[in-house]
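**Student:**
Protein chains in written order, with this note's numbering: chain D, 20 to 224; chain F, 196 to 410.
1) Looking at chain A, is there any beta carbon in it that lies within less than 9 Å of the beta carbon of residue 288 of chain F?
2) Who are the Cβ neighbours of residue 196 of chain F in its own chain at under 6 Å, not counting the five residues just before and after it?
3) Rounding to the nearest angstrom, what Cα-Cα distance links residue 401 of chain F and residue 295 of chain F in this structure?
4) Do residue 130 of chain D and residue 143 of chain D come within 9 Å of each other at the CB atom, strictly closer than that value?
5) From this set, D/78, D/90, D/148, D/32, which residue's C-alpha is nearest residue 112 of chain D's C-alpha?
6) Check the DSSP bridge columns for residue 78 of chain D and list the partner residues they point to.
7) Checking contacts by CB at 9 Å: is residue 59 of chain D closer than that to chain F?
8) Assess contact between the region 326-335 of chain F and the region 256-265 of chain F, defined as three or more Cβ pairs (one per stretch) separated by less than 8 Å. Is contact present?
9) So which residues of chain D does residue 285 of chain F contact, with C-beta pairs closer than 7 Å?
10) Just mark residue 241 of chain F as buried or exposed, buried being the case when its beta carbon has 16 or more other beta carbons within 10 Å.
11) How big is the Cα-Cα spacing for residue 196 of chain D and residue 284 of chain F?
12) Looking at the C-beta of residue 277 of chain F, does it have a partner C-beta in chain D at a distance below 9 Å?
13) Could you pull out every residue in the same chain whose Cβ sits closer than 8 Å to the Cβ of residue 72 of chain D, ignoring the five residues on either side in sequence?
14) Return the CA-CA distance between residue 33 of chain D and residue 58 of chain D, expressed in angstroms with no decimal places.
15) Taking the straight line between their C-alpha atoms, what separation do you get for residue 306 of chain F and residue 44 of chain D?
16) Please identify, using Cβ separations under 9 Å, the residues of the region 135-157 of chain D that lie next to chain F, in order along the chain.
17) Residue 395 of chain F and residue 301 of chain F: beta carbons closer than 9 Å?
18) What is the C-beta distance between residue 205 of chain D and residue 173 of chain D, in whole angstroms, given that I count them as a contact (C-beta under 8 Å)?
19) When we look at the beta-carbon of residue 54 of chain D and count the other beta-carbons within 10 Å, is it buried (16 or more) or exposed?
20) Classify residue 194 of chain D as buried or exposed, calling it buried when 16 or more other Cβ atoms lie within 10 Å of its own Cβ.
21) In whole angstroms, what separates the C-alpha of residue 375 of chain F from that of residue 167 of chain D?
22) Jot down the residue ranges of each uninterrupted alpha helix (DSSP H) in the region 134-209 of chain D, minimum 4 residues, whole runs only, in chain order.
23) Could you say which of D/42, D/106, D/78 lies nearest to residue 154 of chain D if we only look at CA atoms?
24) Kindly say whether residue 219 of chain F, judged by its beta-carbon, lies nearer than 9 Å to any beta-carbon of chain D.
25) Could you check whether residue 398 of chain F and residue 121 of chain D sit closer than 9 Å to each other, using their CB atoms as the reference points?
26) Compute the Euclidean distance between the alpha carbons of residue 171 of chain D and residue 114 of chain D, then round it to the nearest angstrom.
27) Is there a Cβ from chain D that is less than 9 Å from the Cβ of residue 294 of chain F?
28) Roughly how many angstroms separate the alpha carbons of residue 321 of chain F and residue 232 of chain F, rounded to a whole number?
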C-alpha cells in the first residue's frame with residue numbers, strides 16, 4: 020500500500036500545498052479534486068517520483084518509493100496530461116512500445132484485443148496523427164488493461180473522452196478496484212462506483 | 196503480473212527510435228545532406244592544389260561530421276519531452292541510463308553510421324589515397340559515436356530551455372575538442388579511449404541531467 024505523510028510542494032517561491040497525508044490500501048480509489056493550480060498534477064508527479072517533495076515522505080509497503088531495487092516502479096502506472104502517444108506510430112505500435120518501455124512484451128493479438136475493448140477496433144493500424152485527442156487518450160489508457168499494475172495514477176484522463184468511453188474507463192477502474200487494485204484519479208468529473216472504497220482528497224487553492 | 200525485463204525494454208527503445216527515424220526520413224536525410232554539402236564546399240572554395248586539399252581533408256571531414264551530429268542532437272530528447280514519453284521513460288522500472296543508451300545506439304545507427312559510410316566518397320574530392328581514406332573512415336567510425344555520446348549530455352542539460360540550440364552548441368563543441376584533435380590527427384588509440392570512456396559514463400550523465408530537466 021501507498022502511504023504519504025506531511026507532503027509539501029513548493030514551486031518557485033510559492034508553497035502550493037502542505038501537510039498532505041493519506042494512505043491508499045488495496046481496493047481504494049482516491050479522487051483528487053481542487054481548483055486549477057491547487058497542485059493536483061504536482062501531487063501525482065510526486066507520487067510517481069518525477070518531482071521530489073520539499074518535505075514529507077512517500078512510502079510503498081513501508082519503504083521509500085525511490086529505494087534502489089524497490090518494486091514500486093514496476094507496480095505503478097502513471098498516465099498524465101501528456102500521454103506519450105507518438106504521432107508517427109500506429110495505435111497498435113504505440114501500445115506495444117509504451118508497454119515495452121516498461122519492460123513488458125505484449126503480443127500483437129493482445130494489444131489489438133485491448134484496443135478493441137477501448138473502442139478502437141478497426142483503427143489499430145492507423146497512425147496516431149489521424150486519431151482524435153480522445154482516441155489518442157484511449158490508446159494511452161489501453162495500457163492499463165494490459166500491464167495489470169496494482170497502482171494507477173491518472174491525471175485528468177477523462178478530459179476529451181466521450182460519454183461512452185468515460186463509462187468504459189470507470190468500469191475498468193471498478194474492475195481494477197474489485198481485484199484489489201489501487202487508484203488515485205485527478206479529475207473534475209464526478210465518478211460513481213457501486214463497489215470499492217471511494218475517498219476524496221481535496222486540495223485547497 | 197509480468198516481470199519487467201531489461202532486454203525487452205532495450206529492444207523496444209531501439210526499435211522505436213529506428214521506426215520513428217524511418218517515418219521522419221527528412222530529418223535523417225537533411226543531416227546527411229548537410230554533411231555532404233559542408234565537406235564539398237571546401238574543395239570549391241579553396242586553392243585546388245591537391246597537396247593542400249589532401250592535408251586538410253581529415254580535419255574538414257571531422258569538423259563537418261561534428262557540426263552534422265550537432266544538428267541531430269537538438270531532436271534527440273525534444274519530441275519525447277514534448278509529448279510525455281520522456282516522463283514515462285523516467286518512471287520505467289529499468290535504469291534510465293539504459294534507456295538513454297538504447298536511444299543513443301539507435302541514433303548512431305540512423306545518423307552516425309551513414310556519415311561514416313559516405314565519408315570515403317567525400318575523401319575522393321580531396322584526392323585522398325586509399326590508405327588515407329581508410330584511416331579517416333575508421334577514425335570516424337570510432338569518433339562519431341563519442342561525439343553523439345558527449346552531445347547527449349548537452350542535449351539533456353539544455354532540454355526545455357528557450358534558445359537551447361545555441362546553448363547546446365556552446366556546451367558541446369568545446370567538450371568535443373579532444374575527440375576532434377585525436378580523430379583528425381588519426382590517433383586511433385586515443386579516440387578509442389575517449390569512446391570507451393563516454394560509452395560508460397555519458398548515458399548516466401545524460402540520465403541525471405534529464406531528471407533535472409523534467410522536474
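Just so you know, even glycine gets a beta-carbon here, dropped at the ideal spot from N, CA and C.
None of the values given here were measured: they were computed from a predicted structure.
**Tutor:** The short version:
1) No chain A appears in this structure, whose protein chains are D and F.
2) Because the pLDDT of residue 196 of chain F is 48, which lies under 50, any placement of that residue in the model is unreliable, and the question is left without a value.
3) 7 Å
4) yes
5) D/148
6) D/22, D/83
7) no
8) yes
9) 69
10) exposed
11) 26 Å
12) yes
13) 26, 27, 28, 65
14) 11 Å
15) 49 Å
16) 146
17) no
18) 7 Å
19) exposed
20) exposed
21) 49 Å
22) 152-166, 182-197
23) D/106
24) yes
25) no
26) 17 Å
27) yes
28) 14 Å
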